[in-house]
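Numbering (UniProt numbering), first residue to last: 1 to 84.
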Amino acid sequence: MTNLTVENSTDSLKHLTSSLLFPLTHGVTPEDLRCLHELWGKLRLNLLVDRMSLPSHPKWDNLLALHKDDPDEAGLTRQDHFND
1 MTNLTVENST DSLKHLTSSL LFPLTHGVTP EDLRCLHELW GKLRLNLLVD RMSLPSHPKW
61 DNLLALHKDD PDEAGLTRQD HFND
């Protein structure tokens, strides 16, 4: 069996895999990555995870609380400035 690569691909090549590689900088250590197994176990993209054990999916309106839009001196929010 031939190990198919881009260099020796043929018409029968059915699958290529890609990935993102990025350096872990700023003091990241292997110890910092120990949580990855737990995160993968809770990720909805993991086909092996028990969906019933996952917490409910967050709602879109939770995003509204990230950056509270307090009115300015004129009583306008950031959104109000664009809704004339």
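Idealized CB from N, CA, C, for every residue including glycine.
Below 8 Å on the Cβ atoms is my guess for D69 versus Q79; work out the distance and round it to an integer in Å.
About 6 Å; that satisfies the 8 Å criterion.
Locate the alpha helix (DSSP H) running through G75, then write down its first and last residues.
That residue, G75, is in no alpha helix (DSSP H); it is neither H nor E in DSSP.
How about L33 and L24: are their beta carbons less than 9 Å apart?
yes
Residues in its own chain within less than 6 Å of P55 by CB, not counting five upstream and five downstream?
Short of 6 Å from the beta carbon of P55, and not among the five residues preceding or following it, lies no beta carbon of its own chain.
Can you tell me the Cα-Cα spacing of N83 and G75, whole angstroms?
13 Å
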